[in-house]
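Participant:
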Amino acid sequence: MAKVVQLEHGEASTGSSPGINKGISILDFILRIVAVIGTLASAIAMGTTNETLPFFTQFIQFRAQYSDLPTFTFFVIANAIVSAYLILSLVPSIFHIVRSGARTGRIALVFFDSVSLALLTAGASAAAAIVYLAHKGNAKANWFAICQQFNSFCERISGALIGSFVGIVVFILLISMSTVAVSRR
1 MAKVVQLEHG EASTGSSPGI NKGISILDFI LRIVAVIGTL ASAIAMGTTN
51 ETLPFFTQFI QFRAQYSDLP TFTFFVIANA IVSAYLILSL VPSIFHIVRS
101 GARTGRIALV FFDSVSLALL TAGASAAAAI VYLAHKGNAK ANWFAICQQF
151 NSFCERISGA LIGSFVGIVV FILLISMSTV AVSRR
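The sequence shown begins at 1 in UniProt numbering and counts up one residue at a time.
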């Protein structure tokens, strides 16, 4: 039963509005789909990134691919795991649309969303450091910027980062909305 609260001007208001909870649940579902698209696209873009450049002759070539760097491999694995979790989390999200008063499922989603946010942030942050070095290099460590030579490679890995960071922002919104929805009950 919803508690009735008397406002200053004499109107009565319920403490928990089912319309707002249903709206939060629908927004939760939509944001999960956006996060699936961002993280899955990031994993695919990074996982299929490679570029080969000829050097002097066609028999000697330089090749850059994501698997050359363990950080990019971790990035692909982290995004793939988070994408799989997000796809599985669509089922409870639909359940919350139907039954907007379900609290236990929402608390479980907050926990798993937080774990996924940590994993996604770790992968994206590590990859961002390598992408920065690929673009700018580091003269003190004698690491040369490779993006002048491997332009297509760098464009794809930078684009993959964008999708992953979109996923991070969406997770922050999901966790915030779910905690507000749980605290309203």
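Ideal placement from N, C-alpha and C gives every residue a C-beta, glycine not left out. This structure is a prediction, so every number in the text was calculated from the model and none was measured.
Mapping DSSP to helix, strand and coil, what is N142?
Facilitator: Coil.
Participant: With respect to the alpha helix (DSSP H) encompassing Y85, which residues constitute its N-terminal and C-terminal limits?
Facilitator: Residues P70 to V98.
Participant: Would you check if there are 3 or more beta carbon pairs closer than 8 angstroms linking the region 84-92 to the region 140-153?
Facilitator: At 8 angstroms Cβ cutoff, the stretches do not touch.
Participant: Leaving out five residues before and five after V180 in sequence, what residues of the same chain have Cβ atoms less than 8 angstroms from its Cβ?
Facilitator: Here the set comprises I24.
Participant: Ordered along the chain, which non-local residues of its own chain (more than five positions away) have a Cβ less than 8 angstroms from that of M46?
Facilitator: Here the set comprises Y66, F72, F75, V76, N79, A127, R156, I157 and A160.
Participant: Given a threshold of 16 other Cβ atoms within 10 Å of its Cβ, counted over all protein chains shown, does V91 qualify as buried or as exposed?
Facilitator: Classification for V91: exposed.
Participant: Evaluate contact between the region 136-144 and the region 93-107, counting only Cβ atoms and requiring at least three cross-stretch pairs below 8 angstroms.
Facilitator: They do not touch, by the three-pair rule.
Participant: For L117 versus F171, is the C-beta spacing smaller than 9 angstroms?
Facilitator: It is a contact, given that the beta carbons lie within the stated cut-off.
Participant: What residue does the alpha helix (DSSP H) around residue 264 start on, and which one ends it?
Facilitator: Residue 264 is absent from the model: the chain starts at 1 and stops at 185.
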